[in-house]
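Trainee: Numbering (the numbering used here), first residue to last: 2 to 383. I am attaching a structure below and will ask some questions about it afterwards.
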């Protein structure tokens with residue numbers, strides 16, 4: 002590596018660490034003041050929120066490192082232009098494209114680093130951060146298994162949900178078990194799926210079982226459908242009878258809302274690529290829709306490469322002949338481009354969630370558009 006390349010690499014990394022520290026500090030400060038009341042209301046020690054924020058640092062870094070490297074490239078080359086260093090290099094016969102080599106290498110290294118952080122570190126730390134938030138702060142009673150099954154313990158109720166689709170507000174594979182004060186099973190409902198409409202849960206293809214003890218029905222039944230005594234042993238109710246009803250549709254009062262499920266389900270960022278891929282195969286094999294998770298799967302590959310793309314864009318902005326107002330304008334321009342990427346990427350991902358774009362197109366559209374923009378602006382560099 003030449004002296005010029007070593008100098009550029011060192012300056013960019015020094016600037017990157019500084020910008021990263023500033024942005025992470027601001028992010029954590031905002032998060033701290035936003036959530037401190039929740040931690041205090043939960044009666045947790047003051048140190049617990051710092052543990053929570055520390056666990057969130059890898060996720061924060063993974064989200065902001067693209068815009069930080071974009072600003073770092075713009076700042077370094079902006080300062081070199083201000084100090085006439087670029088003019089001196091060009092006068093010595095050094096071309097713009099020679100100066101781009103370390104930038105490409107840095108972008109590639111950061112892309113690999115971002116993929117590593119997202120794959121290895123973020124799933125572990127975010128799972129622990131969410132556990133603190135849900136269990137200790139929000140006092141959620143739900144439990145998520147490794148297969149993403151949801152168990153919710155309510156007032157004498159234990160509800161099991163095999164799969165939740167947040168886009169449709171739909172639950173699948175529902176089992177509801179009701180117990181008496183002696184924790185004896187008195188009612189069970191099994192449903193193939195459920196939808197949240199007009200503030201109510203509508204269950205479909207429902208089998209309702211009401212257990213009878215001493216010839217009295219413990220819970221009110223709307224209509225008796227049939228009586229099966231030969232199944233009692235399978236339910237450990239050998240000395241009792243139970244009645245079964247089948248409903249095509251049934252409105253059931255459940256003690257949770259879609260927002261509650263959205264908070265407690267295991268997020269895509271809590272899984273690495275292979276875990277998410279295996280989960281998608283499992284969900285689709287069971288006949289459920291996994292479009293949301295497939296979009297997130299492709300995004301796990303697409304998003305880290307944005308580091309390389311923004312390095313190209315940053316260099317193009319710094320070298321562009323038309324921008325003569327100086328470093329502050331270039332920095333503002335870089336921030337605007339970074340936020341525009343976030344908006345475009347979020348829009349494309351949302352379109353993918355809604356099946357308006359194929360998952361792979363939704364995940365890669367923003368990268369493709371910004372790659373073309375970076376190449377165009379770089380070709381017009383001075």
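For each residue, glycine too, the CB sits at the ideal point set by N, CA and C. Predicted model only: the values in this text are computed from it and were never measured.
Taking residue 159 and residue 178 to be in contact with their CB atoms under 8 Å, please state how far apart those CB atoms are, rounded to whole angstroms.
Mentor: For this step, residue 159 is matched to residue 158 along the chain shown. For this step, residue 178 is matched to residue 177 along the chain shown. Yes, they are in contact, since the Cβ atoms of residue 159 and residue 178 sit about 5 Å apart, within 8 Å.
Trainee: Considering just the uninterrupted stretch of the alpha helix (DSSP H) at residue 115, what are its terminal residues?
Mentor: Numbered from 1 along the chain shown, position 114 holds the residue referred to as residue 115. First-last of the alpha helix (DSSP H) with residue 115: 97-117.
Trainee: Would you mind stating whether residue 59 and residue 307 have Cβ atoms separated by less than 7 Å?
Mentor: Position 58 of the chain shown holds residue 59. Position 306 of the chain shown holds residue 307. Result no, Cβ atoms of residue 59 and residue 307 do not sit closer than 7 Å.
Trainee: Report yes if the C-beta distance between residue 197 and residue 259 is below 7 Å; otherwise report no.
Mentor: On the chain shown, residue 197 is found 196 positions in, with the first residue counted as 1. On the chain shown, residue 259 is found 258 positions in, with the first residue counted as 1. Contact flag set, yes.
Trainee: Taking 8 Å as the limit between beta carbons, can you name the residues of its chain near residue 299, skipping five residues before and five after?
Mentor: Against the chain shown, residue 299 aligns to sequence position 298. So the qualifying residues of the chain are 360, 361, 363, 364, 365.
Trainee: Thinking C-alpha only, which one of 132, 169, 174 is nearest residue 150?
Mentor: Translated into positions along the chain shown, residue 150 becomes position 149. Of the candidates 132, 169, 174, the one whose C-alpha sits nearest the C-alpha of residue 150 is 174.
Trainee: With a Cβ-Cβ cutoff of 7 Å, do residue 17 and residue 70 count as a contact?
Mentor: For this step, residue 17 is matched to residue 16 along the chain shown. For this step, residue 70 is matched to residue 69 along the chain shown. Yes; because the gap between Cβ atoms is below 7 Å, this pair is in contact.
Trainee: Looking at C-alpha atoms only, which residue of 194, 131, 187, 199 is the closest neighbour of residue 245?
Mentor: Residue numbering aside, residue 245 sits at position 244 when the chain shown is read from its first letter. For residue 245, the nearest C-alpha among the options comes from 187.
Trainee: Quick one: give me the first and last residue of the alpha helix (DSSP H) that residue 174 is part of.
Mentor: Position 173 of the chain shown holds residue 174. Not the alpha helix (DSSP H): residue 174 falls in the beta strand (DSSP E), residues 171-180.
Trainee: Where does residue 254 fall in DSSP's three states?
Mentor: The residue you call residue 254 lines up with position 253 of the chain shown. Residue state, collapsed to three classes: coil.
Trainee: Pair every Cβ in the stretch 4-19 with every Cβ in the stretch 90-104, then say whether three or more of these pairs are closer than 8 Å.
Mentor: Yes: at least three Cβ pairs fall under 8 Å.
Trainee: Would a C-beta distance cut-off of 7 Å place residue 116 and residue 305 closer than the cut-off?
Mentor: The count along the chain shown starts at 1 and reaches residue 116 at position 115. The count along the chain shown starts at 1 and reaches residue 305 at position 304. Contact flag set, yes.
Trainee: Can you check which of these residues, 114, 134, 57, 356, is closest to residue 270 by C-alpha distance?
Mentor: Counting from one through the chain shown, the residue named residue 270 turns up at place 269. Taking only the C-alpha atoms, the option nearest residue 270 is 57.
Trainee: On a CA-only basis, which of 27, 29, 303 is nearest residue 350? Give me that one, please.
Mentor: Position 349 of the chain shown, counting from 1, holds the residue named residue 350. The shortest C-alpha separation from residue 350 is found at 303.
Trainee: What does residue 202 pair with, by DSSP beta-bridge criteria?
Mentor: As a first step, residue 202 is located in the chain shown; it is residue number 201 there, counting from the start. The partner list for residue 202 (beta bridge, DSSP) reads 197, 253.
Trainee: Looking at the structure shown, is residue 186 part of a helix, part of a strand, or coil, going by DSSP?
Mentor: In the chain shown, counting from the first residue as 1, residue 186 sits at position 185. Note: residue 186 maps to strand in three-state DSSP.
Trainee: Quick one: Cα of residue 201 to Cα of residue 346, how far?
Mentor: The count along the chain shown starts at 1 and reaches residue 201 at position 200. The count along the chain shown starts at 1 and reaches residue 346 at position 345. When rounded, the distance between both Cα atoms is 33 Å.
Trainee: Please work out which residues of its chain come closer than 6 Å, Cβ to Cβ, to residue 167, disregarding the five sequence neighbours upstream and downstream, and give them in chain order.
Mentor: As a working note, residue 167 is residue 166 in the chain shown. Excluding positions up to five away in sequence, the list reads 263.
Trainee: With DSSP collapsed to three states, give me the class of residue 45.
Mentor: Counting from one through the chain shown, the residue named residue 45 turns up at place 44. Reduced to three states, the DSSP call for residue 45 is coil.
Trainee: Please name the residue, chosen from 33, 64, 4, 41, that lies closest to residue 343 on a Cα-to-Cα basis.
Mentor: The residue you call residue 343 lines up with position 342 of the chain shown. Looking at the Cα atoms, 64 is the closest of the given residues.
Trainee: Taking 7 Å as the cut-off, decide whether the C-beta atoms of residue 43 and residue 138 are in contact.
Mentor: Position 42 of the chain shown, counting from 1, holds the residue named residue 43. Position 137 of the chain shown, counting from 1, holds the residue named residue 138. In contact: residue 43 and residue 138 (Cβ atoms closer than 7 Å).
Trainee: With a Cβ-Cβ cutoff of 7 Å, do residue 317 and residue 370 count as a contact?
Mentor: For the purposes of this step, residue 317 is taken as the residue at position 316 of the chain shown. For the purposes of this step, residue 370 is taken as the residue at position 369 of the chain shown. Not a contact, by the Cβ cut-off of 7 Å.
Trainee: With DSSP as the reference, please indicate the residues paired to residue 280 in a beta bridge.
Mentor: Counted from its first residue, the chain shown places residue 280 at position 279. DSSP lists no partner for residue 280.
Trainee: Give me the residue from 28, 74, 95 with the minimum Cα distance to residue 111.
Mentor: For the purposes of this step, residue 111 is identified with residue 110 of the chain shown, where counting begins at 1. Selected option, being the one with the closest Cα: 74.
Trainee: Taking the alpha carbon of residue 4 as the reference point, which residue from 26, 90, 52, 39 has its own alpha carbon closest?
Mentor: One-based indexing of the chain shown puts residue 4 at position 3. Of the candidates 26, 90, 52, 39, the one whose C-alpha sits nearest the C-alpha of residue 4 is 90.
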